[in-house]
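See below for the structure under consideration.
Number of protein chains: 2
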Amino acid sequence: MNLSEMNKEQLISFKNEVEALYNGFKSQSLSLNMARGNPCKEQLELSVGMLDVFDDGNFLSENGVDVRNYGMLDGIPEAKEFFSDMIGVQDDEIIIFGNSSLNAMFWTVQCAFNKGILGNTPWSKLDKVKFLCPVPGYDRHFKVTEFFGVEMINVPMTASGPDMDMVEKLVSEDEAIKGIWCVPQYSNPDGISYSDETVRRFANLKPAAKDFRIFWDNAYCIHHLTDDPKPILNILEEAKKVGNENIVYIYGSTSKVTFPGAGVAVMGASKANVEELRKYLGISIISYDKMNQLRHVKFFGTFANMQEHMKKHKAIIAPKFDLVCSTLEKEIAPLGIGEWTEPKGGYFVSFNALNGCAKRIVQLCAEAGVTLTGAGATFPYGVDPDDKNIRIAPTYPSIEDLGKALELFVISVKFASAEKLLAEMN
Amino acid sequence: MNLSEMNKEQLISFKNEVEALYNGFKSQSLSLNMARGNPCKEQLELSVGMLDVFDDGNFLSENGVDVRNYGMLDGIPEAKEFFSDMIGVQDDEIIIFGNSSLNAMFWTVQCAFNKGILGNTPWSKLDKVKFLCPVPGYDRHFKVTEFFGVEMINVPMTASGPDMDMVEKLVSEDEAIKGIWCVPQYSNPDGISYSDETVRRFANLKPAAKDFRIFWDNAYCIHHLTDDPKPILNILEEAKKVGNENIVYIYGSTSKVTFPGAGVAVMGASKANVEELRKYLGISIISYDKMNQLRHVKFFGTFANMQEHMKKHKAIIAPKFDLVCSTLEKEIAPLGIGEWTEPKGGYFVSFNALNGCAKRIVQLCAEAGVTLTGAGATFPYGVDPDDKNIRIAPTYPSIEDLGKALELFVISVKFASAEKLLAEMN
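Heads up: the sequence lines are chains C and W, in that order.
Per my numbering, residue 1 is the first one in the first sequence, and the count goes up by one each step.
Per my numbering, residue 427 is the first one in the second sequence, and the count goes up by one each step.
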């Protein structure tokens, strides 16, 4: 029975039943963390062989440079070749960074603020800088722009990506809008892949600001949960077709391919963008960890092998996503108190509770020992106007722990929903 | 005979002899690079054992965190403990970064520009920001401040460190002066270690700007070339004594201890400074490479072991420094056409030619196949007002190649000096 159709008596009885279950859970003293999209131990083990690639004592990159020493600011040639396949750019359109694509994004925004982009005024010299933020989105993106004092404007996500009518209108009208955060494939947290039309409309944007950039964080480009993944359209290629190739900065990493703490992050962009950024990069670092670059290239050998490697990840984590969706389908769907995505890749299930319930659900879970991503985190400034979105990160816990956490989660959803509906009756 | 005492005829004859030698060198088609302070291959081999520390399959830090995964933003506990000894701070006064202390410095300056320091106005909002730059100094420091549009003021180095009378006067008078670049031990390029008095005067500075910071790049803190190294005074401890502990940011790294491309960089500062920077750090990265942190700690075990390890470096590179100094002593000293330092540590010999000769010497060497650090690089904006300073980096070449390069160098010095003295006669 749909919870909204219950009368007060039924609701009270429902709430009491759920509360008893909840209290039972509390006494179990659980301690589970589902706050972040962390790979689990079994996933980490998949790449341990990478640590042996130097057993032969050969530390030379293909151009003869000793990867242990300084040099090769923007990456060794074989890493450029290897990773350009991953993010869909040419070998001369890529910079290889350290272990963090977030750090690469932060640095790029910082360059725009302190130096400006391709001859335009540094953003720090402008009265106002605005970014479009498809919501729900990735909290760490929003924190970067918040750090720099950027005004963030929410843009709703649709099943095919951000609301492009709104994006096109806003960027064409307002020169203060300098960027947009995008996770184009298996978006964080919705798991939405941008449609071909959405990618084309991005590639064809005509922003009022010449230094507008699409921050295209393709974090999950090879992180499929199905056997027949549909690749998204290549935005740089589409942008080149219309002479708009400077509009996009593309990011990717192996944080969820090899090791989250010790992967390789990369950035792709037009030659003009890369040339400018390479110049700035030489000010902020001498070189990144080339040993780790070569570790990756030697371990995988080919991009095809890395794609095969991702299937091992899928085998470990797809059952966890299935458990989330089947549990919600069984426990929440009949009650009409929540909606969620069934992602075909990426790291999250995005759950929308009844309006005004997300914070309460996260609180209930926390008090019973399960840490979820903070409610509101998926919105700029941490403010979800409907207080409804919760990001579920199922990869880290064991399937047993995940089952328990989900049991608590659905009880908490039920509890908070009953509370809300009862409050509305008073 | 001192070159300045020669008459025109003698000088012409001297120059012709030297020119013939120089042309002979040119025909050898040398290709040697002494531009940067790169360790040589034998030095890199000293740390290869570090790559085996995970052979036991144990990836847990002492607090139970899997170093392969996300987390531990400011470093694993054992790395904090280990490296705090290296830079002379407490475990809660340190942040462990990635592979580059330059990157940590760039990032810190960037934070000051975009967020401000401990509640003060962000530097990007000020009309003018100035830095004091002891000269000659490290070109990459100057490039960082140049990137941010900082006005750099030269401060002469003395045998005991920067001219402290000048430093004290300037910082007390001018609120726009926000920082100073220091390499306190075995300074780059002079190899000068700051005296106790200099360190104390730094610790006791009373700058007009509350957000003035000493950027204390202790890059060579354990990089001794003698058997009886004299440690410099601990600036943070001295500053604490007078309630001035927020005045200094301390940096260090293992770039020249293990691998230049894959070492560990650290920063030490007062708790207040570290707390603020840790907060900012969490915006720009999720975590640095903790596997590499643990590699270092496991490989060395104790700080004392790392100091022993440095003696192996000394054994490899001290003969190279000796060769530089003995060659200059033999070939240049009698002619009175140059002065140089005899460093007790660090990576460079600083050579001062006759005024107006440095660019010409570097050019002559380059045309005969030996690349030196560009003349002027040791000064802000690349401008050596006397055009006399040349940084010699002897560590990378083999002793044989270094011998050849030095032979060319002294010929070039003689050639350029004779040219100059002859030109002055006309």
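Each residue gets a CB set at the ideal place from its N, CA and C atoms; glycine is no exception.
Lys388(C) and Leu354(C) do touch by the CB rule: their CB atoms are close to 7 angstroms apart, below 8 angstroms. As DSSP reads the structure, Arg817(W) sits in a beta bridge with Ser776(W). Under the DSSP assignment, Glu519(W) falls outside any beta strand (DSSP E); it carries neither an H nor an E label. Spanning the alpha carbons of Glu276(C) and Val248(C) requires a straight line of approximately 14 angstroms. Annotated as distal: Lys241(C) and Ala209(C), with beta-carbon spacing of 8 angstroms or more. Ser457(W) has a beta carbon lying at 8 angstroms or more from every beta carbon in chain C. Using a 10 angstroms sphere on the CB of Val723(W), the tally of other CB atoms reaches 16 or more, which defines it as buried. Setting aside the 5 residues that flank it on each side, Leu761(W) is surrounded in the same chain by Met427, Asn428, Leu429, Lys840, Ser843, each with a C-beta closer than 8 angstroms to its C-beta; the list follows chain order. Of the candidates Met851(W), Asn852(W), Glu850(W), Leu834(W), Leu834(W) places its Cα closest to the Cα of Glu445(W). Spanning the alpha carbons of Glu845(W) and Phe774(W) requires a straight line of approximately 27 angstroms. In this model, Arg639(W) and Asn672(W) are separated by some 8 angstroms (Cα to Cα). Chain C has no Cβ within less than 8 angstroms of the Cβ of Val555(W).
Distance between Leu11(C) and Ala538(W), taken at the CA atoms: about 55 angstroms. By the neighbour-count definition (other C-beta atoms within 10 Å, threshold 16), Gln185(C) is a buried residue. The C-beta of Gly119(C) comes no closer than 8 angstroms to any C-beta of chain W.
The C-beta of Ser61(C) comes no closer than 8 angstroms to any C-beta of chain W. Residue state for Phe539(W) is assigned as helix, using DSSP reduced to three classes. The beta carbons of Glu519(W) and Lys697(W) sit closer together than 8 angstroms.
The three-state secondary structure of Met34(C), taken from DSSP, is strand. Near chain C, meaning a CB-to-CB distance below 7 angstroms, the residues of the region 490-518 of chain W are Asp492, Val493, Arg494, Asn495, Tyr496. Contacts between Ile711(W) and chain C, judged by CB atoms closer than 9 angstroms, involve Gly98, Asn99, Ser100, Leu102, Asn103, Phe106 in chain order. A contact between stretches requires three or more CB pairs, one per stretch, nearer than 8 angstroms, and the region 724-744 of chain W fails this requirement with the region 520-538 of chain W.
DSSP, reduced to helix, strand and coil, places Met592(W) within a helical segment of the structure shown.
Contact between Leu294(C) and Ser61(C) holds, with the beta-carbon distance rounding to 6 angstroms and staying under 8 angstroms. Residue contact with chain C for Phe729(W): absent (no Cβ-Cβ distance below 8 angstroms to any residue of chain C).
Residues of the same chain with a CB within less than 8 angstroms of the CB of Leu323(C), apart from the 5 flanking positions on each side, are Pro394, Ile399, Leu402, Gly403, Leu406 in chain order. Going by C-alpha positions, Ile337(C) is about 37 angstroms away from Ile250(C).
Beta bridge pairing from DSSP links Tyr677(W) with Asp643(W), Met693(W).
Taking CB atoms only, Arg278(C) has no neighbour in chain W less than 8 angstroms away. Counting only Cβ-Cβ distances below 9 angstroms, Asn38(C) has contacts in chain W at Asn495, Tyr496, Gly497, in chain order.
Here the alpha carbon of Asn540(W) sits roughly 14 angstroms from the alpha carbon of Lys143(C). Taking every protein chain shown into account, the CB of Glu663(W) has fewer than 16 other CB atoms within 10 angstroms, so this residue is exposed.
Taking a C-beta distance under 8 angstroms as the contact criterion, Ser752(W) and Phe106(C) do not qualify as a contact pair. Per DSSP, the unbroken beta strand (DSSP E) holding Gly338(C) starts and ends at 338-340. Annotation: Ser439(W) has no Cβ neighbours in chain C at a cutoff of 9 angstroms; minimum Cβ distance is about 43 angstroms. The region 159-167 of chain C and the region 728-737 of chain W do not touch, with fewer than three beta-carbon pairs separated by less than 8 angstroms.
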